[in-house]
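In full-length UniProt numbering, the protein residues as written are 1 to 442. Positions of the beta carbon are idealized from the N, C-alpha and C atoms, including for glycine. Computed from a prediction, not measured in an experiment: that's the story for all the values here. A short worksheet on the structure shown next.
Structural data, given as structure tokens:
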């Protein structure tokens, strides 16, 4: 059989695929492996063939050029696919691929803003105006720039996924200017304001240490309310001059997961995530990032307050999950459950009101105006600012609040320094009062 070699202009270089005569088929065949995989798990390979060498080569080059410009064509890609029909598929795939909170936000953006604005538009017909329409819809409804921007970011993720699946999505939509998030209204509490709230908390709540931990360590709400006593380790015989006498292990947080199927008792979780159910929809979950899992140094004043609260904290059947701050009021069946996050925030708000601390004082000229209070996350900002004002090294602050990825050995190596930073900058905020016998409502 006579070997047939391609013309000089039809010889492919390394990485461009192959083009050769296949005697068994009697055809010139071009083959290019893209290195990509379809959602079905098959490799995406571009091929072209023909009995005429020039025609086969031209078809091969055209197919490769089309792939480079528009991406792969796979069976799942339909020219009639609209934003609405693709969004439904994308959300089904998204469920289980991301955390429950991320899925909930994406679904909200799709249902409230994306589909109502551009749901009937075909993917291949999208323009920059459609991206703007999604943001404008949220803004016209009186929502913030952050909400509009969030909806547009969800649309971007959704359309990038469509391109990966072979749909033709014009690049022009990604070039659209997105809504500005605007400046955050969050600020920080002053040291005097923090001290005033602590004074009132210690005068009225036996578990005032709950809010002290939130401020002193910048701990998030889920981290504090999900804390269990086995993760609070205090040295029973510390050195007399010791600054750090123990540590708090923040490797879990409590979270209410939405139901996937209430009748079956299943919940929305990201596949592969480590989750431990406490009761009903309450679960212990791992922090979103590696830097969130951290150890906090317990300084002597905090150790004393934790020990005092432990003497009063419910135990046994009244606290079956061994929570440091369990729910202690309400219907008997709910006592011992994790505290309701809204009730916890309401208590924080009431403590500020009673202490005369306002983010924005009430306007006497406006009937019913209660003013504005600091949210707990702003207490976290306060702690970061106070540590920075005291000259605490940046890496120590990052370690305390979980904003950098640290290996276990590094965390423990810096625990003493972190404890001194907390003690030096913030210890004078703790009032020298014995907490009362009542605890915060939950």
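Looking only at 91, 35, 388 and 55, the smallest Cα-Cα distance to residue 71 is reached by 35.
In this structure, the straight-line span from the alpha carbon of residue 195 to that of residue 392 is close to 20 Å.
If the five residues before and after residue 149 are omitted, its C-beta is found closer than 6 Å to the C-beta atoms of 178, 179 and 181, all from its own chain and listed in chain order. DSSP, reduced to helix, strand and coil, places residue 70 within a helical segment of the structure shown. In this structure, the CA atom of residue 350 is about 38 Å from the CA atom of residue 96. Just so you know, the alpha carbons of residue 231 and residue 132 end up roughly 48 Å apart. In this structure, residue 48 lies near residue 30, with their beta-carbon atoms less than 8 Å apart. The region 123 to 143 makes contact with the region 151 to 160: 3 or more CB pairs, one atom from each, lie closer than 8 Å.
When the Cα atoms are used, residue 43 and residue 373 turn out to be separated by approximately 57 Å. Counting the other CB atoms within 10 Å of its CB gives residue 207 a total of 16 or more, which places it among the buried residues. In terms of Cα proximity to residue 82, the closest of 46, 126 and 93 is 126.
Residue 176 carries a coil assignment under DSSP once its states are collapsed to helix, strand and coil. Put simply, of 240, 247 and 239 the residue whose alpha carbon is nearest the alpha carbon of residue 227 is 247.
Residue 48 carries a strand assignment under DSSP once its states are collapsed to helix, strand and coil.
For the region 174 to 256, the full-length alpha helix (DSSP H) segments reaching 4 residues or more read 191 to 204, 209 to 216 and 221 to 225 along the chain. Taking 8 Å as the cut-off, the beta carbon of residue 245 is found closer than this to the beta carbon of residue 235. Per DSSP, the unbroken alpha helix (DSSP H) holding residue 310 starts and ends at 300 to 312. Within the same chain, 48 come within 6 Å of residue 59 by CB-CB distance, once the 5 residues on both sides are set aside. For residue 92 against residue 115, the beta-carbon gap comes to about 15 Å, at or over 8 Å, which does not count as contact. The Cβ-Cβ distance between residue 103 and residue 268 falls below 8 Å. When DSSP states are grouped into helix, strand and coil, residue 167 belongs to the coil group.
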